[in-house]
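Here's the structure, in structure tokens; my notes come after.
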Amino acid sequence: MYKACLTLFLTSAFILTGSLAIAQEPRIGHSGLQVPRFVNLKNDETWGRLRPSFEGEIRYTFQRKHLPVKVIAETRDDVWRQIEDPEGARAWVHRSQLVSADMVMVRQEGGVSLQKKPQTKAQARAQLADGLIVKADSCSQNWCQVRTGRFRGWVPEQALWGLADH
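Heads up: the sequence shown runs through residues 244 to 409, numbered per the working numbering.
Now the structure itself:
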């Protein structure tokens, strides 16, 4: 479903290197910031490249502003970021195409209820669809207060992808 947001430019014979999910211990990257960390795509269209260079072949065209992505590597010159999208696709993006993370994605099959209070049995204000990008205001005790349009409320933390450490 989320691949619909991407235009794949590689053949199916291409094998993603390092595509196995291996837990990474946080470390400080060349930018002085923690790696891995979450950020958001800055524009409606962002090119993800095969290697960290403007001459690098375009692997994906991400077509979703504010999409949360995980920075998993940085170049020594602090210009390029290797990112991972919510489905695990990886590409290199110029740092100018990324902004600080405050938008997250609902990642729960069937969606999730937006609750009036941070309680399972609280009144539901809306149903948030799987894949919806919302603004995360704060998180506490496994619940996050989020907003989208005119709706604001609480959702379980595990239903969201792209949360920065808090």
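Cβ coordinates follow ideal geometry from the N, Cα and C atoms, glycine included. Note that this is a predicted model, so its numbers are computed, not measured.
Can you check whether the CB of residue j is closer than 7 Å to the CB of residue i?
| i | j | result |
| --- | --- | --- |
| L357 | G405 | no |
| E288 | Q306 | yes |
| V314 | R280 | yes |
| A372 | G392 | no |
| V347 | P311 | yes |
| R390 | K378 | yes |
Using the Cβ count rule (16 or more neighbours within 10 Å means buried), how would you classify residue i?
| i | result |
| --- | --- |
| N385 | exposed |
| Q325 | buried |
| A402 | buried |
| D380 | exposed |
| A334 | buried |
| D328 | buried |
| R302 | buried |
With DSSP as the reference, label residue i as helix, strand or coil.
| i | result |
| --- | --- |
| E352 | coil |
| E400 | helix |
| S339 | helix |
| Q384 | coil |
| V377 | strand |
| F297 | coil |
| P329 | coil |
| T363 | coil |
| R307 | coil |
| R319 | coil |
| N286 | coil |
Could you give the C-beta distance for residue i and residue j, rounded to a whole number, given that I count them as a contact under 8 Å?
| i | j | result |
| --- | --- | --- |
| V282 | S343 | 6 Å |
What separation, rounded to the nearest whole angstrom, lies between the Cα atoms of residue i and residue j?
| i | j | result |
| --- | --- | --- |
| R319 | S383 | 35 Å |
| A316 | R270 | 10 Å |
| N286 | K308 | 5 Å |
| L375 | H273 | 32 Å |
| K359 | G275 | 38 Å |
| Q366 | E298 | 53 Å |
| W290 | D345 | 21 Å |
| E268 | C387 | 24 Å |
| A332 | T304 | 12 Å |
| S296 | V336 | 9 Å |
| F394 | E300 | 41 Å |
| P361 | L284 | 28 Å |
| W323 | Q370 | 37 Å |
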